[in-house]
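Asks: Shown below is the structure under consideration.
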Amino acid sequence: MISHRFRKRKLVSPFVFLVFFLSLECSPGFAQTAKPEAPKPVAEDSIREEATLITLGNIMESVQILTEQRRAKEKELKEAATEDQKVRIINEINEIDNRLSSLDKNFDEIATGTDLEAFSARPKTIFNWSEEMQDLLGPIVQELRNMTARPREIEKLRGEVDYYQKRIPIVKTALSNIEKRLAGVKDPMLKKELEDLEKEWKGREQQISNQLSVAQYQLSERLKEKESFWQSTQDVVLVFFRSRGRNLFFAVLAFVSVFLLFRLFYRYVYKSGLIHKSLKHSFYLRLATVIYHILTFIGAIGASLLVFYVAGDWVLLGISLLFLFGLAWTAKQAFPRFYDQGKLLLNLSTVKEGERVVYRGLPWKVEVLSFDTLLVNPELQGGVLHLPLKDLEDLRSRPYDSAEPWFPCKEGDWVILSDGTRGKVISQTPEMVQLVLLGGSRKTYPTKEFLEMNPNNISTNFRLNITFGIDYRHQSISTQEVPQKLAKSLMEELDKEGYGKDLVNLKVEFKEAGASSLDYAIIADFHGRAAKNHDTLARCIQRISVDACNRYGWEIPFTQIMVHNANVSREEKSE
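Per mature numbering (1 follows the signal peptide of the UniProt record, and there is no 0), the sequence shown runs over residues -31 to -1, 1 to 544.
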């Protein structure tokens, strides 16, 4: 059915234009001859207003054409003889009514300059999902629809423009073919039918042209309102925080407040020390700590969800629940790992608090076993490591004895490495060890490489093993007299040179009868205070031994190489 407003407009409009024209003719100002004014530049708003009026006029023209078509169809309906004809005509009338309704809506939107769908839209409550999911996801989907309404409307208008533009050539082709048929027809009845058909197709052409102009006008208006991506993003964010920002702020505030409240309570209980001192390293205390962490997380999340529930913000509540559901679904796959970490927290796994563990080649004491595990090595600078539980899953700890060393040396100790390097340790950290050599130069090793070079720490005590030999002509006194006199000389001379207080033990023993000398083993043990003079002491012992030989008349043999020459007989030569 044609709308009542368009019927009224059809009757009133000519009368209004007539009255307006007569009023202009009778107006004294209009009748007087005025000097022509200089033409003013036409404003953009005037051009847009003129285009709007032209579009409204096209809509009115389309309404009149459709109204005439409807009246003709109603007349055909009354004259229809068969039931099939009546059904067909009724369907055509319904289609015309739909077009009239669409034109009515377009007229109102263009005339008022507002989006009537946005004005009269109501949130949808019916979805294709189950009823339980509707209440949860419905507001979220509606919010997304509202956020994407403008792009979808622009795309819809573009589709309509494309649709009508493709129909116009078809209509023109049909009219051209009808005109060709009319030019050659002579039968009056056939000519009348073709003329009626031509009139109908011209009406379609006019209607499609009008609908195309309406769609193009609406599309141009929407595109003029188009903003930059940054501006659109700012608008979306601004609208979000105006409508949802307050609820989100209070939800975050509730989460932080509950979390801090639980933490303060835990700290108060921990600082009081009553429970922790009596139940230190207890399984039940660890179990209570794990339960505390779980309740802290659940309580903070529950407080945030409660804020959304009380505020009636089902969109943020639904998004939060979906996020938690996704988090739980992801955590399901990692459950075995969480189970192993739970055993670590309860001190029931392969790493236990208070035991010794090797991590990256270094020994560490498990000082605190928690979510933030604390490993300590007292012999290293910066010997404190904070590790997450996942880094402990593949480690193994063991009980240790209090006498066990945590590192083979300390700062200030002198060490000799397997490559012959001798130096004083001035820095040792979990990453590197630095030595200062005689002369002041410094040498740095990665800590793991330093340990692989088997450092010999000579800052406690050290031993010098020196071999010294005399000639075989002193064989008669070699086993008793020579070792005693040589040992006495060494002790006296070392004491004179200031090394006597550092000498812990000295032995001179017959070692072996060598190829060219009688060899003695000089074994000298020194205190760690003399570690700096390690090489000096070795040279000093050699010097004192030579002086003793000079004093007692002991000869020091050269290394002899025996060459045996065989006499070759003349007979052999002749052979």
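Beta carbons: idealized from backbone N, C-alpha and C, even for Gly.
Since the model is a prediction, treat every value here as computed from it, not as a measurement.
Let me check one thing: in DSSP terms, what residues is Lys393 bridge-paired to?
Replies: BP columns for Lys393 point to Trp383 and Val405.
Asks: Which full runs of the beta strand (DSSP E) of 3+ residues lie inside the stretch 461 to 504, going along the chain?
Replies: As far as the stretch 461 to 504 is concerned, its whole beta strand (DSSP E) runs of at least 3 residues are 472 to 482 and 487 to 496.
Asks: Ignore the nearest five residues each way along the sequence and tell me which others in Phe294's own chain have a CB closer than 6 Å to its CB.
Replies: Correct list: empty, nothing qualifies.
Asks: Roughly how many angstroms lie between the CA atoms of Ala280 and Leu274, to the nearest whole one?
Replies: Roughly 10 Å separates the two Cα atoms.
Asks: Could you tell me the distance, in whole angstroms, from the CA atom of Glu37 to the CA atom of Asn216?
Replies: So the alpha carbons of these two residues sit roughly 57 Å apart.
Asks: When you compare the CB positions of Ala372 and Arg432, do they come within less than 8 Å of one another, or not?
Replies: No, Cβ-Cβ distance for Ala372 and Arg432 is not below 8 Å.
Asks: To test your reading of the DSSP string, which unbroken alpha helix (DSSP H) runs of 4 or more residues are found completely within the stretch 30 to 91?
Replies: Counting whole runs of 4 or more residues, the stretch 30 to 91 contains the alpha helix (DSSP H) stretches 52 to 81 and 85 to 89.
Asks: I need the straight-line Cα distance from Gly128 to Tyr186, nearest angstrom please.
Replies: Rounded to whole angstroms, Gly128 to Tyr186 spans 14 Å at the Cα level.
Asks: Determine, using beta carbons only, whether Val394 and Asn430 come nearer to each other than 8 Å.
Replies: No. Outside cutoff.
Asks: State yes or no: is the C-beta of Val405 within less than 8 Å of the C-beta of Ser366?
Replies: The answer is no: Cβ separation not under 8 Å.
Asks: Which value, in whole angstroms, describes the spacing of the CA atoms of Lys417 and Pro452?
Replies: Their Cα atoms are separated by approximately 44 Å.
Asks: I need the DSSP call for Leu144, collapsed to helix, strand or coil.
Replies: If DSSP states are grouped into helix, strand and coil, Leu144 belongs with the helices.
Asks: Strictly by DSSP, which residues pair up with Val335?
Replies: Paired residues: Leu344.
Asks: Taking a contact to mean a Cβ-Cβ separation below 8 Å, would you say Trp383 touches Lys470 in this structure?
Replies: Cβ distance not < 8 Å, so Trp383 and Lys470 don't count as in contact.
Asks: How many angstroms separate the CA atom of Ile439 from the CA atom of Gly389?
Replies: Each residue's alpha carbon lies about 29 Å from the other.
Asks: Excluding the 5 residues preceding and the 5 following Arg150 in the sequence, name in chain order all residues of the same chain whose CB lies nearer than 8 Å to its CB.
Replies: Once the five neighbours on either side are set aside, the close Cβ partners of Arg150 are Leu163.
Asks: Specify the secondary structure class of Ser371 as computed by DSSP and reduced to three states.
Replies: Coil.
Asks: Got a sec? Which residues, its chain only, sit under 8 Å from Ile65 by beta carbon, not counting five neighbours each side?
Replies: Same-chain partners within the cutoff: Leu35, Gln38, Arg39 and Lys42.
Asks: Ordered along the chain, which non-local residues of its own chain (more than five positions away) have a Cβ less than 6 Å from that of Pro526?
Replies: Within the same chain, Pro526 has close Cβ partners Asp440, Ser485 and Ser486.
Asks: Under a three-way DSSP split, which group does Gly330 fall into?
Replies: Residue state, collapsed to three classes: coil.
Asks: Take the Cβ of Tyr278 as the centre, count every other Cβ of all protein chains shown within 10 Å, and call the residue buried at 16 or more, exposed below.
Replies: Tyr278 comes out exposed.
Asks: Could you tell me the distance, in whole angstroms, from the CA atom of Glu524 to the CA atom of Asp516?
Replies: Going from the Cα of Glu524 to the Cα of Asp516 covers about 11 Å.
Asks: May I have the straight-line CA-CA distance separating Val130 from Phe218, to the nearest angstrom?
Replies: Roughly 45 Å between the two C-alpha positions.
Asks: Could you check what DSSP says for Lys321 in three-state terms: helix, strand or coil?
Replies: Of the three classes helix, strand and coil, the one that applies to Lys321 here is coil, per DSSP.
Asks: Touch check for the stretch 346 to 355 and the stretch 306 to 315: three-plus C-beta pairs under 8 Å?
Replies: No, because fewer than three Cβ pairs between the stretch 346 to 355 and the stretch 306 to 315 fall closer than 8 Å, the two stretches do not touch.
Asks: In angstroms, rounded to a whole number, what distance separates the CA positions of Phe376 and Pro399?
Replies: Going from the Cα of Phe376 to the Cα of Pro399 covers about 11 Å.
Asks: Have a look at Glu322 and Asp341 and give me their C-alpha separation to the nearest angstrom.
Replies: So the two alpha carbons sit approximately 13 Å from each other.
Asks: Just curious, the beta strand (DSSP E) that Pro157 is in, first and last residue?
Replies: Careful: Pro157 lies outside any beta strand (DSSP E), inside the alpha helix (DSSP H) at Pro157 to Lys193.
Asks: Evaluate Ala184 with the Cβ neighbour count: other Cβ atoms within 10 Å of its Cβ, from every protein chain shown; 16 or more gives buried, anything less gives exposed.
Replies: The residue in question, Ala184, is buried, as its Cβ has 16 or more Cβ neighbours within 10 Å.
Asks: Quick check: the stretch 159 to 179 against the stretch 224 to 233, are at least 3 beta-carbon pairs closer than 8 Å?
Replies: No: the two stretches stay apart, fewer than three of their Cβ pairs being nearer than 8 Å.
Asks: Measuring straight from C-alpha to C-alpha, what distance separates Gly26 and Gln54?
Replies: Taking the straight line joining both Cα atoms gives about 34 Å.
Asks: Can you look up Leu264 in the DSSP assignment and give me helix, strand or coil?
Replies: Helix.
Asks: Over the uninterrupted beta strand (DSSP E) stretch that includes Leu433, give me the two end residues.
Replies: Start and end: Asn430 to Ile439.
Asks: Quick test of your reading: residue 594 and Leu386, contact by CB under 8 Å. State the CB separation rounded to the nearest angstrom.
Replies: The question about residue 594 has no answer here: the residues shown for the chain are numbered -31 through 544.
Asks: Who does Leu356 pair with in a DSSP beta bridge?
Replies: Bridge partners of Leu356: Thr342.
Asks: In three-state DSSP terms, what is Arg411?
Replies: Strand.
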